[in-house]
Structure formats: structure tokens, C-alpha cells
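See structure below.
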Amino acid sequence: MVGSSVASRQQRVPVVRASMLRERLDVPGGRLPFPVAEPLVPLLPGGGLRRGSVVAVRGSTALLLALLVAATAQGAWAAVVGVDDLGVLAAAEAGVVVRRLALVPRPGPDPAPVAAALLDGVGLVALAGADRMSPGMRRSLAARARQGGSVLLPLGRWPGADVELDCRAELWHGAGGGHGRLRSREVVVRSVGRGAAARSCIARLLLPGPDGAVAQAPASKAPEIRAVG
Numbered sequence: 014m015v016g017s018s019v020a021s022r023q024q025r026v027p028v029v030r031a032s033m034l035r036e037r038l039d040v041p042g043g044r045l046p047f048p049v050a051e052p053l054v055p056l057l058p059g060g061g062l063r064r065g066s067v068v069a070v071r072g073s074t075a076l077l078l079a080l081l082v083a084a085t086a087q088g089a090w091a092a093v094v095g096v097d098d099l100g101v102l103a104a105a106e107a108g109v110v111v112r113r114l115a116l117v118p119r120p121g122p123d124p125a126p127v128a129a130a131l132l133d134g135v136g137l138v139a140l141a142g143a144d145r146m147s148p149g150m151r152r153s154l155a156a157r158a159r160q161g162g163s164v165l166l167p168l169g170r171w172p173g174a175d176v177e178l179d180c181r182a183e184l185w186h187g188a189g190g191g192h193g194r195l196r197s198r199e200v201v202v203r204s205v206g207r208g209a210a211a212r213s214c215i216a217r218l219l220l221p222g223p224d225g226a227v228a229q230a231p232a233s234k235a236p237e238i239r240a241v242g
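With the sequence shown counted from 1, adding 13 to any position gets you my numbering.
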């Protein structure tokens, strides 16, 4: 059954435990970052999504969903604004706990007020169309996230983001000899940002992995075909 398969996948996602995070950084006031799946840890300063920060995601909605998995599994709420082709099933297959996910696919011509309202009560808020916003509106939303201790995840370019994750598709795995089922996609994710994230970091991941969740790419390559388009 789809429901039991999704639940099993969510249980298998490796996450960074609070004790691990405490060892990695000194958290002011004990406010730990939102956790992420283990393969994403090297890409983020402190190994998680720092509260009050802006983390821009470029090139992949699948990467955005992967960032939401561990946090929603541990009780955080998330929202995605302005992505009209994102469905609940796709989020569930990625491992997101969908009962803690709010989707606002069509927020109207100005999504900023919707995002601002969500930042007051939702831990993780993803926002499409942010590259069309004025610099003043971007600063206002970033300040709203900082004040509320939420994480703003704009999809696309966001000048001044604390962290920018740029995802590029490389290879599909699973089809050998011209036949078979595509099981996973290999991507390269580059992380760069400000402050603790100023040094660039690159990770090679499977997104999705064979079970739908993000995974570390293997050192040895299986039969593959190159992505086109």
C-alpha cells in the first residue's frame, strides 16, 4: 500500500539528532537548528537549517523537499508557497510528513504577504517567485524570519541569502543495456553563503535515492544514462 510504503520510507531517513548538533555548534539560548537528512549535513553550517536564516534553493524542487523531511519528521511545520505543480503525493514520496505541510499553490499576484503571515507561525517557509520581489520586500521577509526564528527557503536567486544551494542534475541510474527502470538520479549540489557558510562546499547526492529519499551517491557508478534537456 502507498501509505505504508511512505511511512516506512519516512522512518528510514537518517537525521541529525539534537545531541549531535550540540557537539557541532554552540547554540545561543539552546535554539537548535532544524535537522536535515544526514547526506545534506555537510552543505549547511552547523549541520542544519539555522533558525532565522534565509536558505535559497536553486535548480531543484526535489532538493527543497529533501530539506523538509527531517524537520517535519521531528514535529516542525513547513509551508510551500507559489509552487503550483507540487502535490502532496510527491512530497510524501520524498519522505515529508505531509500532515505537517501546508501547500499554497496559487497565492495571488503578490505572494509576499502570504509568506510573511506564515513566517509568524510556521518553522520552514518555501517561496517561489522571490526573484521578482523588490529588494525592500526581500529584506522585510528576511527580517520576519529572523525575528520569528523561522527559516525562509526562497526558490531561485536571493541576493544576500545566508546560504545558497545550487543543484545540478548529472546522471540517472538503473537502466542497463538499454532497458530497465530508472531508480535514482545523481546530482551535484554546491553550497555557498555568508559568514560560517562563506566557504563553498560541494556534495554528490542521489536525489531521489532508490527508496525516494535523498542519499549519498556511491563511489562506484552503476549503469547509467545521461540527463538531457
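We put the CB at the ideal spot given by N, CA and C, even for glycine.
Cutoff 7 Å; reference residue i; Cβ partners in own chain excluding five residues on either side
| i | result |
| --- | --- |
| G324 | Shown here, the chain extends from 14 to 242; a query on residue 324 therefore has no answer. |
| G161 | L132 and D133 |
| G222 | S197 and A228 |
| L56 | L178, V202, S204, C214 and A216 |
| V127 | V94, V117 and P120 |
Element boundaries [beta strand (DSSP E), containing residue i]
| i | result |
| --- | --- |
| A89 | Element bounds for A89: n/a, residue is neither H nor E. |
| V127 | Premise fails: V127 lies in the alpha helix (DSSP H), A125 to L132, not in any beta strand (DSSP E). |
| E51 | Note, E51: premise wrong, no beta strand (DSSP E); not H, not E. |
| R217 | C214 to L219 |
| L137 | L137 to A141 |
The alpha helix (DSSP H) enclosing residue i, as first and last residue numbers
| i | result |
| --- | --- |
| E106 | V101 to A107 |
beta-carbon residue i near the ligand ATP non-hydrogen atom, thresh 7 Å
| i | result |
| --- | --- |
| L218 | Looking at this structure, you won't find the ligand ATP or any other ligand, since it has none at all. |
Exposure of residue i, with buried meaning 16 or more beta-carbon neighbours within 10 Å
| i | result |
| --- | --- |
| L154 | buried |
| E106 | buried |
| R291 | Only positions 14 to 242 of the chain appear in this structure, which leaves residue 291 out of reach. |
| R145 | exposed |
| V49 | buried |
| L102 | exposed |
| A104 | buried |
| P172 | exposed |
| P122 | exposed |
| G225 | buried |
| G88 | exposed |
| S66 | buried |
Strand pairing of residue i, partner residues [DSSP]
| i | result |
| --- | --- |
| D179 | R71 and R203 |
| L62 | F47 |
| L114 | A91 |
| A226 | None, per the DSSP bridge assignment. |
Close beta carbons around residue i, own chain, < 6 Å, minus the five adjacent residues each side
| i | result |
| --- | --- |
| L4 | Nothing can be reported for residue 4: it is not among the residues displayed for the chain, which extend from 14 to 242. |
| A156 | none |
| M150 | A125 |
| G139 | Reading off the sequence, residue 139 comes out as Ala, not Gly. These residues qualify, in order along the chain: L77, V93 and L166. |
Nonlocal neighbours in the same chain, by C-beta distance under 8 Å from residue i, ignoring five residues either side
| i | result |
| --- | --- |
| D97 | P118 and R119 |
| A115 | W90, A91, A92, V93, L131 and V135 |
| G61 | V29, L34, L45, P46, F47, P48, V49 and V54 |
Every unbroken beta strand (DSSP E) inside the stretch 147 to 173 [3 residues or more]: 164 to 168
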